[in-house]
Amino acid sequence: MDRWEDHVIDGSQRRRIRRLAALGVGVLLASLLTPTHTAQAQPDPAPAVGKASFSKPAAFDVTAPLRDVARTARRSVAPTPPQLPEERGPRLSDRGHTTDKAVQAKKPPRTIGGTTANFEGLSNQDNFNVLGGRVNPPDPVGDVGPNHYVEMVNLVFGVYSKTGRLLLGPLALGDLWAGFAVDECTEHSGDPVVLYDQRADRWILTQFTTRGSDYPNEPANLFYNCIAISTTGDPTGSYYRYAFNTGYNFPDYPKYGIWGDSYLITTREFGTVDPSVYGIGVYGLERDRMIAGDPDARAVSYLLQEGRVPLNLIGDGLLPADADGPKPPPAGSPAPIVGTQDDGAGYGATFDAVNVWEFSVTWNAAPTASIGLKTQLPTAGFDSVFPCQPTARDCLPQPGITNRDQYLDVLSYRQRPTWRLAYRTFGSYESMVTNQSVEALPGQAGVRWWELRRDKRGNYTIHQEGTFAPNDTVNRWMGSIAQDRKGNIALGFSVVNGTDVYPGIRYTGRLAGDRRGELTLGEATVVNGTAAQTSLNSRWGDYSSMNVDPVDDCTFWYVNEYYTQAGAAQAPNGNGWQTRIASFRLPGC
2 MDRWEDHVID
12 GSQRRRIRRL
22 AALGVGVLLA
32 SLLTPTHTAQ
42 AQPDPAPAVG
52 KASFSKPAAF
62 DVTAPLRDVA
72 RTARRSVAPT
82 PPQLPEERGP
92 RLSDRGHTTD
102 KAVQAKKPPR
112 TIGGTTANFE
122 GLSNQDNFNV
132 LGGRVNPPDP
142 VGDVGPNHYV
152 EMVNLVFGVY
162 SKTGRLLLGP
172 LALGDLWAGF
182 AVDECTEHSG
192 DPVVLYDQRA
202 DRWILTQFTT
212 RGSDYPNEPA
222 NLFYNCIAIS
232 TTGDPTGSYY
242 RYAFNTGYNF
252 PDYPKYGIWG
262 DSYLITTREF
272 GTVDPSVYGI
282 GVYGLERDRM
292 IAGDPDARAV
302 SYLLQEGRVP
312 LNLIGDGLLP
322 ADADGPKPPP
332 AGSPAPIVGT
342 QDDGAGYGAT
352 FDAVNVWEFS
362 VTWNAAPTAS
372 IGLKTQLPTA
382 GFDSVFPCQP
392 TARDCLPQPG
402 ITNRDQYLDV
412 LSYRQRPTWR
422 LAYRTFGSYE
432 SMVTNQSVEA
442 LPGQAGVRWW
452 ELRRDKRGNY
462 TIHQEGTFAP
472 NDTVNRWMGS
482 IAQDRKGNIA
492 LGFSVVNGTD
502 VYPGIRYTGR
512 LAGDRRGELT
522 LGEATVVNGT
532 AAQTSLNSRW
542 GDYSSMNVDP
552 VDDCTFWYVN
562 EYYTQAGAAQ
572 APNGNGWQTR
582 IASFRLPGC
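For the record, in the sequence shown the residue sitting at position 546 is 547 according to my numbering, with numbers rising by one throughout.
Shown next, in the form of structure tokens:
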């Protein structure tokens with residue numbers, strides 16, 4: 002695989018981008034009762050966000066049913082290793098532990114129920130079988146519909162029944178765009194996202210493009226967000242395909258959300274022709290026209306560019322709201338776009354906070370759009386910079402591993418929350434939950450989670466927050482969080498320690514009426530790991546996905562990666578990751 006070297010932001014916020022370097026393949030009872038936080042007045046003038054840019058698709062078409070495409074999917078006669086660029090960005094050095102002011106260091110007092118569905122998902126062996134090579138990290142993501150679960154990873158995807166029967170795939174990501182007019186979309190590029198649009202009964206499958214990212218060693222090239230939307234509720238059927246270009250900015254780490262009449266995207270954009278460019282791209286896509294297969298569906302974009310916007314307000318990424326449940330957001334309401342900041346992370350933040358932007362689009366004959374920083378919500382203190390060495394990715398020990406180059410990446414140093422910003426309207430208020438990996442206790446990773454609320458007047462508060470980190474030597478990180486229709490919260494995450502816990506998957510939760518800031522329902526296991534990752538690039542994640550079943554609006558579905566002895570034995574390069582898909586419910590829903 003190819004590796005992006007550091008995108009460094011020093012104390013003066015100057016950037017330098019180093020070019021690709023070739024590598025081989027393989028590639029809370031101790032919790033505080035958290036008070037409701039109110040907005041703090043902005044310490045700086047409103048950031049200059051620039052003008053909205055409206056555009057139409059670079060290309061559009063309609064596929065044959067995927068179930069038919071699968072029979073003729075392209076395979077290399079002589080397989081070549083897949084390519085996967087490393088996520089760009091700074092890697093920060095630890096300056097010592099700062100006490101987490103919302104840590105839940107004791108195990109929850111109650112128990113949580115077990116899984117209902119629990120089956121094997123995609124693996125790096127699928128990459129080898131389909132593409133002739135392995136990659137790392139997997140970026141596991143999925144979503145659930147009335148009858149299916151769709152999973153995407155780097156660099157393949159598949160469709161399952163809800164009992165775990167594989168109905169389609171594994172197919173290479175590029176197979177979804179085979180024959181498309183934008184040839185870059187036909188490549189197996191990665192950073193996939195899949196969402197089920199419950200109100201439209203449609204599936205959204207996406208990836209970015211990477212051709213041109215080695216400029217000037219290769220010709221300059223436009224980049225694209227490649228988006229496929231099912232024409233019906235059947236994910237094995239036909240798709241409308243769209244490509245929206247991002248100019249010469251590489252759209253790293255794309256994250257998607259479903260809002261009222263827009264699909265939302267956020268990206269971390271790095272200039273290639275102009276390497277001085279860094280910022281967060283925010284996009285709105287014309288949802289109604291895309292669902293109808295209109296080739297003229299419009300897009301609007303902003304670039305929140307460093308230099309115009311203080312770096313702490315955009316960090317390493319923002320998450321767009323992704324609406325769960327059958328009720329849409331209030332008509333005409335702006336979409337929340339959320340980030341986080343740590344005052345110890347070197348981006349200029351003077352306090353720990355959740356930053357809330359609002360993004361609005363009106364899709365009329367003369368469309369309009371706006372984006373602005375709505376508020377900064379001070380949080381209980383947290384420490385996002387983990388004591389990693391020899392590099393900032395070598396963080397979490399594994400059983401039997403003595404070479405620190407094989408420790409796992411915690412990714413907490415990224416100044417951003419982790420997929421998703423799960424939104425739900427409850428009538429009298431709107432609620433959003435998200436999470437981030439942190440150093441919860443000295444040398445121990447935990448998951449900081451937040452519930453934000455927006456009231457009828459449009460004001461935001463942190464309704465509750467906590468850091469899940471029982472003091473048992475187990476690192477918990479790479480989480481994803483969501484709410485069911487009752488307001489109960491479920492959090493899934495990775496686990497590992499240096500003695501007896503191999504990389505595995507667990508979950509916990511709380512009921513809506515429980516004491517704020519605590520995950521009260523114990524901890525359950527999706528699957529225990531039985532082997533370590535032994536590759537030297539340390540990559541883990543970069544995300545996982547917690548989603549809610551649209552059939553009952555109660556059942557949670559979670560996907561993440563883990564390791565087994567059998568999987569590890571298949572991968573001589575140490576990248577034998579597997580994924581697991583599981584469902585469960587919380588009491589009272």
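All C-beta atoms, glycine included, are put in the ideal place defined by N, C-alpha and C. Quantities reported herein were computed from a predicted structural model and do not represent experimental measurements.
Per-residue DSSP class, three states only, for residue i
i, result
"tryptophan 178", "helix"
"glutamate 1", "Since the displayed the chain opens at 2 and closes at 590, residue 1 lies outside it and no answer follows."
"alanine 583", "strand"
"alanine 71", "helix"
"cysteine 186", "helix"
"arginine 454", "strand"
"leucine 422", "strand"
"arginine 290", "helix"
"valine 475", "coil"
"arginine 449", "strand"
"alanine 201", "coil"
"valine 131", "helix"
"alanine 483", "strand"
"alanine 491", "strand"
"arginine 242", "strand"
Cβ neighbours of residue i in the same chain (closer than 8 angstroms, five flanking residues each side left out)
i, result
"serine 94", "Val386, Ala393"
"glycine 143", "Gly122, Tyr150, Val151, Glu152, Met153, Val195, Ser546, Asn548, Trp558, Val560, Ile582"
"threonine 535", "Ile402, Gln407, Ala569, Gly575"
Between the CA atoms of residue j and residue i - distance to the nearest angstrom
i, j, result
"glutamate 121", "tyrosine 564", "12 angstroms"
"phenylalanine 158", "glutamate 188", "14 angstroms"
"glutamine 416", "aspartate 69", "43 angstroms"
"alanine 572", "alanine 583", "24 angstroms"
"aspartate 456", "alanine 324", "16 angstroms"
"glycine 134", "histidine 464", "46 angstroms"
"tryptophan 260", "glutamine 105", "33 angstroms"
"serine 334", "valine 362", "10 angstroms"
"glycine 264", "aspartate 289", "Contrary to the premise, residue 264 reads as tyrosine rather than glycine in this sequence. Each residue's alpha carbon lies about 9 angstroms from the other."
"alanine 470", "leucine 520", "10 angstroms"
"threonine 380", "alanine 354", "5 angstroms"
"phenylalanine 55", "glutamate 359", "18 angstroms"
"valine 434", "valine 357", "13 angstroms"
"alanine 532", "lysine 107", "27 angstroms"
"serine 32", "threonine 474", "A caution first: serine 32 carries a pLDDT of 30, below 50, which makes its placement in the model too unreliable to give a value."
Local Cβ density within 10 Å of residue i, reported as buried at 16 or more and exposed below that
i, result
"glutamine 592", "Residue 592 falls outside the range modelled here, since the chain spans only 2 to 590, and no answer is possible."
"glycine 1", "Here the chain has residues from 2 to 590 only, and residue 1 is not among them."
"tyrosine 430", "exposed"
"tyrosine 332", "Looking at the sequence shown, residue 332 is not tyrosine but alanine. Exposed, by the Cβ-count rule."
"glutamine 342", "buried"
"arginine 425", "buried"
"asparagine 130", "exposed"
"threonine 116", "buried"
"arginine 511", "buried"
"glycine 114", "exposed"
Neighbourhood of residue i by C-beta distance below 6 angstroms, restricted to the same chain and skipping five residues each side
i, result
"asparagine 222", "Arg212, Gly213"
"threonine 556", "Asp550, Ser584, Arg586"
"serine 413", "Ser385, Phe387, Ser438, Val439"
"asparagine 155", "Leu85, Val136, Pro139, Asp140, Gly191"
"aspartate 101", "Phe383, Ala441, Thr468"
"phenylalanine 224", "Thr210, Thr247, Phe251, Pro252"
Own chain residues within Cβ distance below 7 angstroms of residue i, not counting five before or after
i, result
"alanine 513", "Lys487, Gly488, Asn489"
"asparagine 313", "Gln342, Tyr348, Gly349, Ala350"
"valine 160", "His149, Val151, Leu168, Leu169, Gly170, Pro236, Thr237"
"aspartate 262", "Arg288, Asp289, Trp364"
"aspartate 395", "Cys389, Arg405, Asp406, Tyr408, Ser539"
"proline 329", "Arg200, Gly261"
Closest residue to residue i among the options (Cα-Cα distance)
i, options, result
"leucine 409", "Arg477, Ile281, Gln342", "Arg477"
"arginine 517", "Phe494, Asp553, Leu453", "Leu453"
"glycine 178", "Phe61, Leu320, Ala370, Glu519", "The question names glycine, but residue 178 in the sequence shown is tryptophan. Comparing Cα positions, the closest option is Phe61."
"tyrosine 508", "Phe55, Gly493, Gln484", "Gly493"
"alanine 367", "Ala300, Asp501, Thr380", "Ala300"
"lysine 52", "Ile205, Leu206, Ile372", "Ile372"
"alanine 49", "Leu174, Ser302, Glu307", "Glu307"
"serine 432", "Gly459, Asn538, Gln377", "Gly459"
"alanine 446", "Gly499, Ile281, Gln566", "Gly499"
"tyrosine 284", "Val502, Tyr197, Asp515, Ile266", "Ile266"
"alanine 103", "Tyr461, Pro255, Val448, Ile482", "Val448"
Short CB-CB distance (under 9 angstroms) between residue i and chain B
i, result
"glycine 401", "In the structure shown, chain B cannot be found, because there is only a single protein chain."
Residue i Cβ short of 8 angstroms to the ligand NAD heavy atom set
i, result
"proline 471", "The model on display carries no ligand, and the ligand NAD is accordingly not part of it."
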